Amino acid sequence: MSKMDIKQLMDNYLDETATPEERAEAHRFGDFLARQADLEGTLRELKAKYQHELNMAPEQVRYRRRRQSVAATIAALLIAGSVFYFNGRRQAMLPAPEAIAHTDLLAAKPQATIKLGESNIIPLNPLVTGVVYQKDGLSISNSHDGVVTYTSSKSGSYQIEAFSEFDVPRGGQYKLKLPDGTTVTVSASSRLKFAPLLNGADRIVYLQGEAFFDVAKDHQHPFKVVTTKQTLNVLGTSFSVSSYSGEPVVTTVVTGKVKLKTLDTARPQEQVLVANQQAVYVYGKAITTSKVDAAKLTSWSDDRFVLDQEPLSQVLIKLGRWFDVEVDTTNIKFNKRITASFRKSKPLADVLENIYRANNIKLELDGRKIVLKK
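So the sequence shown is residues 5 to 378, counted in our numbering.
So, in structure tokens, the structure goes:
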């Protein structure tokens, strides 16, 4: 990307005329910032360039959001400048591509996208904080620690039937706080769909993938989680649901109580789960329940990934999702069960070494693909 391209991109961002694709491109520059250093001079230059707008009173700015956009744009411009600095004067310091593949593969990166309606797409990045959307009584803000908060005004005119989609890509993780106070941690390769404003007697969210819920108590408005295979009814509790395509639905309750109801009309089932119980459901089959250490199994929503006697094929699928890498399970001729525990901040190479030491299973990286060694 040339300097003129970046200038035009940032001008569009500043003037709020950027397309969703241009906004996404501007935010993607944030990936470079964490790896750069010695950019104080660039920051001072960029801040000085736009300081007159930052110092203006809000009423002097044509749109109130423009002042916020200026601050956000300075951060984006700084990141863009770092690309030129990095590619020019410090090119020799770049590690080889093979080294990047082995040291830069981290899980649970704070990445997500909000979709409001058909065309309003908002990329999220902890480097760009503050209000990212505000209209008709609905406000969405983003924090530096990867938490996005929805707040709504009962007097607002935001359409109550309108849905918000919250998407987290492979290798990502993000936390959001709903208007009712419920906190949801959304895992990699997952989507949460919900109405930002309360519509009717129930609070309903639709989940594809995996999420951990800490539900705010509201006896007048029960909370429901709907997947393609089951629904969960709760009042106030904490639990996780994993519902990926082609995999069993796994529900794990940490506190409180939930009622599970399958959506198989030919064989409907119901099951009440309490704290430290887990249900596994395969469509068309009976629900199986077991007693588990729920806090340990849901620690992915905090700071650890835990594998507890899981088949090797499933472990590879999870690693692929968590770290956004390719895996191949077709050549597994044995399905040894794997146990391991590691912090989310660990790079993938260290995780594979951890699995090898604990289970004597040799997994290696070939570029961005995990390979099983015999």
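Quick reminder that beta carbons are idealized off the backbone N, C-alpha and C, glycines included. Here the structure is a predicted model, which means the values were calculated and not measured.
Enumerate, from N- to C-terminal direction, the unbroken alpha helix (DSSP H) stretches of 4 or more residues contained entirely within the segment 266–346. Listed in chain order, they are 298–301, 316–327.
Nearest CA to the CA of GLY141: which residue from THR155, THR133, ALA220? Looking from the CA of GLY141, the closest CA among THR155, THR133, ALA220 belongs to THR155.
What residues in its chain sit with their C-beta under 6 Å from that of VAL219, if we drop five residues either side in the sequence? THR186, PHE227, VAL238, GLY240, THR241, listed in sequence order.
Same chain, Cβ closer than 6 Å to ALA112, neighbours up to 5 away in sequence not counted: Correct list, in chain order: GLN177, LYS348.
Is it true that the CB of VAL190 sits closer than 8 Å to the CB of LEU182? For LEU182 and VAL190, no; Cβs fall outside 8 Å.
Candidates PRO315, PHE346, ILE208, of which the one nearest LYS337 by Cα: Nearest C-alpha to LYS337: PRO315.
Measuring straight from C-alpha to C-alpha, what distance separates LEU236 and LEU211? If I take the Cα positions, the gap works out to 11 Å.
Per DSSP, ASN146 is paired with what? The partner list for ASN146 (beta bridge, DSSP) reads GLY134, VAL152.
For VAL258, which of LEU301, ILE291, THR266 has the nearest alpha-carbon? Nearest to VAL258 by C-alpha distance, out of LEU301, ILE291, THR266, is LEU301.
Just to confirm, is the Cβ distance from ILE365 to VAL331 under 8 Å? No. Outside cutoff.
Straight-line Cα distance separating ASP370 from PHE217: It is roughly 36 Å from the alpha-carbon of PHE217 to the alpha-carbon of ASP370.
Do ALA215 and ASP171 have their beta-carbon atoms positioned less than 8 Å apart in this structure? The Cβ-Cβ distance between ASP171 and ALA215 does not fall below 8 Å.
Please decide whether THR189 counts as near chain D, where near means a Cβ-Cβ distance under 8 Å. Chain labels in this structure do not include chain D; a single protein chain is all it has.
If you drop the 5 nearest sequence neighbours on each side, which residues of the same chain put their C-beta closer than 6 Å to that of ALA344? Setting aside the 5 residues that flank it on each side, ALA344 is surrounded in the same chain by LEU311, ASN358, ILE359, ALA362, each with a C-beta closer than 6 Å to its C-beta; the list follows chain order.
On the criterion of 16 or more Cβ atoms from any shown chain inside 10 Å, does ILE164 qualify as buried, or is it exposed? Since pLDDT at ILE164 reaches only 49, below the 50 mark, its modelled position is unreliable, and the value read off the structure follows with that caveat. The residue is exposed, with fewer than 16 neighbouring Cβ atoms inside 10 Å.
What is the rounded straight-line gap between the Cα of ALA279 and the Cα of ILE321? One alpha carbon belongs to ALA279, the other to ILE321, and they sit about 27 Å apart.
Cutting at 7 Å between CB atoms, please list the residues of its own chain near ASP206, excluding the five before and the five after it. Within the same chain, ASP206 has close Cβ partners HIS225, PRO226, LYS228.
Suppose you measure from the CA of ARG341 to the CA of SER244; what does that come to, to the nearest Å? Roughly 22 Å separates the two Cα atoms.
THR333 versus VAL254 - alpha carbon distance: Distance between the alpha carbons of THR333 and VAL254: 21 Å.
Pick from LYS179, PRO200, GLY213, SER317 that is closest to SER194, judged by C-alpha positions: Taking the Cα of SER194 as reference, the smallest distance to any Cα among LYS179, PRO200, GLY213, SER317 is reached at GLY213.
Can you tell me whether ALA270 is buried or exposed? The criterion is at least 16 other CB atoms within 10 Å of its CB, across all chains shown. Answer is exposed; the Cβ neighbour count stays below 16.
What's the gap between the Cα of THR232 and the Cα of VAL262? The straight-line gap from Cα to Cα measures roughly 18 Å.
Between which residues of its own chain and PRO390 is the CB-CB distance below 8 Å, once the five residues before and five after are set aside? This structure cannot speak to residue 390, because the chain is shown only from 5 to 378.
From the DSSP secondary-structure annotation, give me the bridge partner or partners of SER193. Per DSSP, none; premise fails for SER193.
Pick from ASN124, GLN234, PRO114, PRO173: whose alpha carbon is nearest that of LYS289? The shortest C-alpha separation from LYS289 is found at GLN234.
Rounded C-beta distance between VAL209 and LYS221? I'm assuming under 8 Å. Between LYS221 and VAL209 the Cβ distance is about 16 Å, and since that is not below 8 Å, they are no contact.
Cut-off 6 Å between Cβ atoms - residues of its own chain near HIS148, not counting five sequence neighbours on either side: Excluding sequence neighbours, HIS148 sits near PRO130, THR133.
At the level of alpha carbons, what is the spacing between GLU368 and LEU180? Taking the straight line from one Cα to the other gives about 34 Å.
When LEU128, TYR287, LEU323, SER294 are compared against LYS350, the one with the closest alpha-carbon: Looking at LEU128, TYR287, LEU323, SER294, the one whose alpha-carbon comes closest to that of LYS350 is LEU323.
How is the beta strand (DSSP E) around GLU122 delimited, first residue to last? DSSP places GLU122 outside any beta strand (DSSP E), giving it a letter other than H or E.
Excluding the 5 residues preceding and the 5 following VAL319 in the sequence, name in chain order all residues of the same chain whose CB lies nearer than 7 Å to its CB. So the qualifying residues of the chain are LEU311, ILE342.
Could you pull out every residue in the same chain whose Cβ sits closer than 7 Å to the Cβ of THR256, ignoring the five residues on either side in sequence? In its chain, beyond the 5 residues on either side, PHE243, SER244, GLN282, VAL296, ALA298, LEU301, THR302 have a beta carbon closer than 7 Å to the beta carbon of THR256.
Would you list the one or two residues that DSSP bridges to SER171? Ser is not the amino acid found at residue 171; the sequence shown has Asp there. Its beta-bridge partners are THR117, ARG195.
Could you tell me the alpha carbon to alpha carbon distance between ILE144 and LYS377, rounded to whole angstroms? Each residue's alpha carbon lies about 47 Å from the other.
Distance check for ASP328 and LEU109, CA to CA, integer angstroms please. Whole-angstrom Cα-Cα distance: 8 Å.
Using the C-alpha atoms, what's the distance from GLU122 back to ASP306? Their Cα atoms are separated by approximately 32 Å.
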